[in-house]
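In UniProt numbering, the protein residues as written are 1 to 158. No residue lacks a Cβ here, since even glycine has one placed at the ideal position from N, Cα and C. Treat the numbers as computed from the prediction; the structure is a model and nothing was measured.
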Amino acid sequence: MLIALEASKIKPSDIDPIRLRELALDIERRAVFVSACQAWITAGREVSGIAAVIRETPWRFILTNSGQAIEVEHVDELEAAYWKAVDEMNVGRSCIGNEGHEEYVLEGIRNCLKVHRRASQFMTFEDDFARVEDAISNLFEGTGYIYNGENSFIPDDE
1 MLIALEASKI KPSDIDPIRL RELALDIERR AVFVSACQAW ITAGREVSGI
51 AAVIRETPWR FILTNSGQAI EVEHVDELEA AYWKAVDEMN VGRSCIGNEG
101 HEEYVLEGIR NCLKVHRRAS QFMTFEDDFA RVEDAISNLF EGTGYIYNGE
151 NSFIPDDE
């Protein structure tokens, strides 16, 4: 609650590159850093300032609303969300091949794809982010079915 309160008090005039860098490196003040980045962009400051601040940190950003807004995420949180989605998808493994449970399995796959797609927007090549195709392939391994990539799975004829 304190972090949210502190984050809501940030004014663009309070932000300079040194302060922004300090916030980027303070693991306990993630919400404040995100709010500071948003205030920076709202104030019309250059995106390159944020890019310089987060260089060599686990923070990533994307611009939204035609460059008028910014979304900032921590790599650890993006990866955690992805692996949670993979775990949730894998719960459906026991339902593969059981008539009437296809939608349950597919919903897990769709959610995993959605979370991966969002995380991938932020990740760089150097982040070496997991391949969702591998997670889906692992889901079906040994079940006698394969995912055909068209929102369905079919018996593996091999």
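Assuming residue i and residue j make a contact with CB atoms under 8 Å, what is their CB distance in whole Å?
i, j, result
"Ile-70", "Leu-63", "6 Å"
"Ile-50", "Cys-37", "6 Å"
"Ala-143", "Ile-96", "Sequence check: residue 143 is Thr here, not Ala. Indeed, because the Cβ distance is near 5 Å, the residues count as touching under 8 Å."
"His-116", "Val-132", "4 Å"
"Asn-111", "Ala-85", "6 Å"
"Trp-59", "Ala-31", "At roughly 13 Å, the Cβ-Cβ gap does not stay under 8 Å, so Trp-59 and Ala-31 are not in contact."
"Asp-156", "Tyr-145", "6 Å"
Residue i by DSSP, collapsed to three states: which one?
i, result
"Ile-146", "strand"
"His-101", "coil"
"Pro-155", "strand"
"Phe-33", "helix"
"Phe-61", "strand"
"Glu-141", "coil"
"Ala-43", "coil"
"Glu-77", "helix"
"Glu-56", "coil"
"Ala-69", "strand"
"Pro-17", "helix"
"Phe-125", "helix"
Quick one: residues in its chain with C-beta nearer than 8 Å to the C-beta of residue i, no 5 flanking neighbours on either side, listed in chain order?
i, result
"Ser-152", "Glu-102 and Leu-106"
"Met-123", "Arg-60, Val-75, Leu-78 and Phe-129"
Starting from the C-beta of residue i, find all residues in its chain whose C-beta is less than 6 Å away, skip the five residues before and the five after it, and write them out in chain order.
i, result
"Val-34", "Val-72"
"Ala-119", "Leu-78 and Tyr-82"
"Phe-140", "Ile-146 and Tyr-147"
Spatial neighbours of residue i within its chain, please: CB distance less than 7 Å, with the 5 preceding and 5 following residues excluded, ordered by chain position.
i, result
"Leu-113", "Val-132"
"Ile-15", "Ala-36, Ala-39 and Trp-40"
"Glu-88", "Gly-108 and Asn-111"
"Gln-121", "Ile-62"
Worksheet item: How do the region 20–34 and the region 49–57 stand: do at least 3 beta-carbon pairs fall below 8 Å, yes or no?
Response: yes
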